[in-house]
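Counting in full-length UniProt numbering, the sequence shown runs without a single skipped number right up to 384 at its last residue.
Beta carbons: idealized from backbone N, C-alpha and C, even for Gly.
The model shown is predicted, which means the values in this text are computed figures rather than measured ones.
See structure below.
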Amino acid sequence: MSDHHTIPSSSSRGRGPVSTLTVPAADEEIVAIKDVRCIGSYNWTDNPSPTILVPGSPRIWRNKQTPFTVPEDSGYQFCDQNGYRLPTTPLLPILVAVDSVASGSDISSTTIDWPSVDFIIDRNGLRKLMGWVGERKQSFRIDLQLAGEKTVLCNRWEAKTKMKTFGSYGYSFEEAITCAAPGCETGVGGHHRIVTYDFNGLKMVVRFEVDACYVPEDPPLASVDELATEVASKATLSERPTSTHVVDETISLTVIAAGKSVANESTVELTTRKAGNAMQWKEKYLQLYFSQTPELFIGTQRNGCFTDVQRKTIQSLSYVGDNVQKRLRMLGKALYAIQTLVGKSGSTGRLSLVGKDKELLVYERATSDSCLPNDYLKRFVRGG
């Protein structure tokens with residue numbers, strides 16, 4: 001898209017925002033996520049041409065004994081690999097991965113009725129909207145497009161999709177404490193999972209990254225080779241051929257069958273903290289909540305020396321969930337308001353939500369470009 005790297009403003013669009021969304025009041029009814037299903041997954045490869053491994057696999061937790069020391073993070077890391085590799089169609093891997101997983105599965109749990117979906121969104125977008133309803137000062141943009149009668153396609157937008165790292169140890173911690181799964185050694189930038197669930201009566205399709213997975217019955221300490229053999233022995237890989245999905249005359253997305261599907265119960269979020277620093281428990285809880293990731297592993301370090309890895313389940317953080325319940329109810333109402341707004345803009349409308357300070361502004365984008373190829377948009381039309 002021509003405006004991909006510019007936050008809309010009166011100067012760049014020739015006009016100001018067309019609307020300003022206000023934070024809604026919270027309903028009394030408790031909001032909860034239910035009917036969770038994983039419907040697809042993939043890993044990006046480092047191939048110059050956009051290529052994903054499907055279903056891919058998360059990195060494997062090594063259960064490494066502490067203490068151990070890692071170097072400071074260096075080089076560049078992705079903050080939005082989907083936007084980096086497919087800037088005009090960042091949601092395409094979701095549909096392609098779901099198709100690929102469903103075609104290789106003998107069960108119906110991975111299939112989905114696309115016209116019934118209300119939102120397709122990254123977990124990152126839900127967290128940003130939660131910041132807005134919590135009146136946190138922040139700047140962000142989410143590009144919106146209607147598909148079918150009601151589905152809101154939410155495209156993540158970042159000023160920079162790849163950033164230089166410094167002063168942190170999180171990536172080095174992940175490298176030290178995990179290893180690549182068999183068949184996914186060429187995967188880069190994390191394992192992406194796609195789940196569907198009901199949130200406040202809305203049918204959501206949510207994409208997010210998973211840092212690692214673990215096999216609970218493994219011995220306390222295992223070598224990388226032993227872990228790889230263990231996971232490989234449990235894998236049932238289908239021999240699906242490589243396929244290519246054309247975006248336009250210059251871009252295509254290639255799919256390679258590799259990796260194994262991992263149960264949600266085995267997935268883990270990793271984070272680090274400096275010894276003596278407090279954890280931002282609300283943010284960590286919401287990260288787990290919106291992806292329904294069951295566990296968080298927290299590495300505590302001082303100058304890169306990790307002395308402890310603490311494990312927290314999402315159930316153990318239920319008190320945090322109670323504290324953010326009001327904000328979740330507000331988010332539920334806000335999503336309905338956004339869906340109504342996008343519905344009124346029609347299939348040709350192109351809107352952007354722009355968070356500035358504590359406001360959420362709505363802009364019309366000066367483009368007719370679609371975030372998905374027409375062949376994929378058709379599936380959101382009943383009988384299309």
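Same chain only: Cβ atoms within 8 Å of residue i, ignoring 5 sequence neighbours per side
{"i": "Thr236", "result": "Residue confidence for Thr236 is low, a pLDDT of 38 falling below 50, so the modelled location carries little weight; the figure read from the coordinates is stated next. Excluding positions up to five away in sequence, the list reads Lys260."}
{"i": "Asp198", "result": "Ile33, Lys34, Asp35, Met204"}
{"i": "Tyr285", "result": "Ile314, Leu317, Val320, Gly321, Val324"}
Assigned exposure category for residue i - 16 Cβ within 10 Å defines buried
{"i": "Met130", "result": "buried"}
{"i": "Asn200", "result": "buried"}
{"i": "Gly383", "result": "exposed"}
{"i": "Lys128", "result": "buried"}
{"i": "Asp122", "result": "buried"}
{"i": "Tyr76", "result": "exposed"}
{"i": "Ser252", "result": "exposed"}
{"i": "Asp357", "result": "exposed"}
{"i": "Ala275", "result": "exposed"}
{"i": "Ser116", "result": "exposed"}
{"i": "Val246", "result": "exposed"}
Simplified DSSP assignment, three categories, for residue i
{"i": "Thr340", "result": "helix"}
{"i": "Gln315", "result": "helix"}
{"i": "Asn155", "result": "strand"}
{"i": "Glu28", "result": "coil"}
{"i": "Lys378", "result": "helix"}
{"i": "Asn47", "result": "coil"}
{"i": "Asp369", "result": "coil"}
{"i": "Leu91", "result": "coil"}
{"i": "Val23", "result": "coil"}
{"i": "Asp308", "result": "strand"}
{"i": "Ser243", "result": "strand"}
{"i": "Lys358", "result": "coil"}
{"i": "Gln301", "result": "strand"}
{"i": "Gly56", "result": "strand"}
{"i": "Gln77", "result": "strand"}
Neighbour flag for residue i against chain D, beta carbons, 8 Å
{"i": "Ala366", "result": "You won't find chain D in this structure, because it holds only one protein chain."}
Proximal residues to residue i (C-beta, below 7 Å), its chain only, five neighbours per side dropped
{"i": "Asn124", "result": "Arg156"}
{"i": "Tyr169", "result": "Val70, Glu72, Asp73, Thr272, Gln301, Gly304"}
{"i": "Leu361", "result": "Pro17, Thr20, Val354"}
{"i": "Ser139", "result": "Gly355, Lys356"}
Same chain, Cβ closer than 6 Å to residue i, five either side skipped, listed in chain order
{"i": "Glu26", "result": "Just to set this straight, residue 26 is Ala in the shown sequence, not Glu. Cβ neighbours of Ala26 beyond the five flanking positions: Lys326, Arg329, Met330."}
{"i": "Val381", "result": "Gly148"}
#### Entry: Completely contained beta strand (DSSP E) runs for the segment 251-286, where each covers 3 or more residues
252-259, 267-274
Original post:
When the Cβ atoms of the segment 88-97 are set against those of the segment 40-48, are three or more pairs found closer than 8 Å?
Top reply: yes
Inset, instruction - Would you list, in sequence order, the uninterrupted beta strand (DSSP E) runs of no fewer than 3 residues that lie entirely inside the segment 185-221? - result: 187-199, 202-210
Touching by the beta-carbon criterion (3+ pairs, under 8 Å), the segment 49-58 and the segment 332-344 = no
Query raised in the report: Mind pulling the alpha helix (DSSP H) runs of 4 or more residues that sit fully within the segment 123-173?
Result: 123-133
> How do the segment 143-151 and the segment 272-281 stand: do at least 3 beta-carbon pairs fall below 8 Å, yes or no?
Replying inline: no
Is it the case that the segment 56-64 contacts the segment 171-183, given that we only count it when at least three CB pairs across the two stretches are under 8 Å?
yes
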